[in-house]
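The next block holds one structure in the form of structure tokens; read it before the comments.
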Amino acid sequence: NAGVTQTPKFQVLKTGQSMTLQCAQDMNHNSMYWYRQDPGMGLRLIYYSASEGTTDKGEVPNGYNVSRLNKREFSLRLESAAPSQTSVYFCASTKIVAAFFGQGTRLTVV
Amino acid sequence: DQQVKQNSPSLSVQEGRISILNCDYTNSMFDYFLWYKKYPAEGPTFLISISSIKDKNEDGRFTVFLNKSAKHLSLHIVPSQPGDSAVYFCAAREINFGNEKLTFGTGTRLTIIP
Numbered sequence: 065n066a067g068v069t070q071t072p073k074f075q076v077l078k079t080g081q082s083m084t085l086q087c088a089q090d091m092n093h094n095s096m097y098w099y100r101q102d103p104g105m106g107l108r109l110i111y112y113s114a115s116e117g118t119t120d121k122g123e124v125p126n127g128y129n130v131s132r133l134n135k136r137e138f139s140l141r142l143e144s145a146a147p148s149q150t151s152v153y154f155c156a157s158t159k160i161v162a163a164f165f166g167q168g169t170r171l172t173v174v
Numbered sequence: 326d327q328q329v330k331q332n333s334p335s336l337s338v339q340e341g342r343i344s345i346l347n348c349d350y351t352n353s354m355f356d357y358f359l360w361y362k363k364y365p366a367e368g369p370t371f372l373i374s375i376s377s378i379k380d381k382n383e384d385g386r387f388t389v390f391l392n393k394s395a396k397h398l399s400l401h402i403v404p405s406q407p408g409d410s411a412v413y414f415c416a417a418r419e420i421n422f423g424n425e426k427l428t429f430g431t432g433t434r435l436t437i438i439p
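Going line by line, the protein sequences match chains A and B. Quick note: this note's numbering has the first sequence finishing at residue 174, numbered continuously throughout. Quick note: this note's numbering has the second sequence finishing at residue 439, numbered continuously throughout.
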């Protein structure tokens, strides 16, 4: 049982480059989330999706776009990466209360 | 506006003693509260939760207490073990128009001293 799978695990981007972080879950969960974790800031919600075909902004959505491709997959796109987007990104999914997290993507923008 | 707050960035506790981690919230619409544990280079893992209609939930060495009038919850770990050293996140859930959303605090780094 894979749970929540994120790819890639590590990425270095140059300022202005674009990339997509992939997330897939195999638990048939309805809700999926993207968080970023920064020192002293905890986990901040970027975007979430309550169900297939719906997405909503979280606390820090600027500079990001998301796509809920189907019930399993929820991708996060950086159109023009900035150094302020250097962070660890976590994808999560929930069905009843508890969220299950992926292993994280460590992104560095230089 | 931080709706879920963990005011202690770090906490050190002697092995075998009780660890108490605290969390405050501001949103009265939260209906569930959760605690997560995070080791370096791993995703957070669910520890324990409590419904807003209860004041205590226990699971082994972990107990969560909820004081709704004070909008405060705490996680008690007893006895503390070296493997409990990790960052602990408090989280709260709200349901808006059927949509579930989790909000996290900033985390408390717990260090258990052998």
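Glycine included, every Cβ here is placed at the ideal spot set by N, Cα and C.
Check, Outcome
"Of the residues A:V174, A:F164, A:L171, the one placed nearest A:M96, counting alpha carbons only", "A:F164"
"Chain A contacts from the stretch 370-386 of chain B (Cβ-Cβ distance under 8 angstroms)", "T370, F371, S374"
"Proximity test, Cβ basis, 7 angstroms: B:Y364 and chain A", "no"
"Interface flag, A:A163 vs chain B, CB-CB below 7 angstroms", "yes"
"DSSP three-state assignment for A:Q86, whether helix, strand or coil", "strand"
"Whole-angstrom distance between B:C348 and B:G430, CA atom to CA atom", "8 angstroms"
"Presumed contact (8 angstroms Cβ cut-off) between B:G368 and A:F74, rounded CB distance", "Actually they are not in contact, since the Cβ atoms of B:G368 and A:F74 sit about 15 angstroms apart, beyond 8 angstroms."
"The stretch 137-155 of chain A / the stretch 326-344 of chain B touching (three or more Cβ pairs under 8 angstroms)", "no"
"A:S157 versus A:H93, A:P72, A:T69, residue with shortest Cα-Cα distance", "A:H93"
"Coarse secondary structure for A:Q149, derived from DSSP in three states", "helix"
"A:Y128 to B:R342 span [Cα, whole Å]", "44 angstroms"
"B:L398 and B:F358 closer than 7 angstroms at C-beta", "yes"
"Chain B residues whose Cβ lies nearer than 8 angstroms to that of A:M105", "T431"
"Selection from B:T428, B:G432, B:I438 that minimises the alpha carbon distance to B:N332", "B:G432"
"Cβ contact (3+ pairs, closer than 8 angstroms) linking the stretch 112-132 of chain A and the stretch 359-378 of chain B", "no"
"Proximity test, Cβ basis, 7 angstroms: A:Q89 and chain B", "no"
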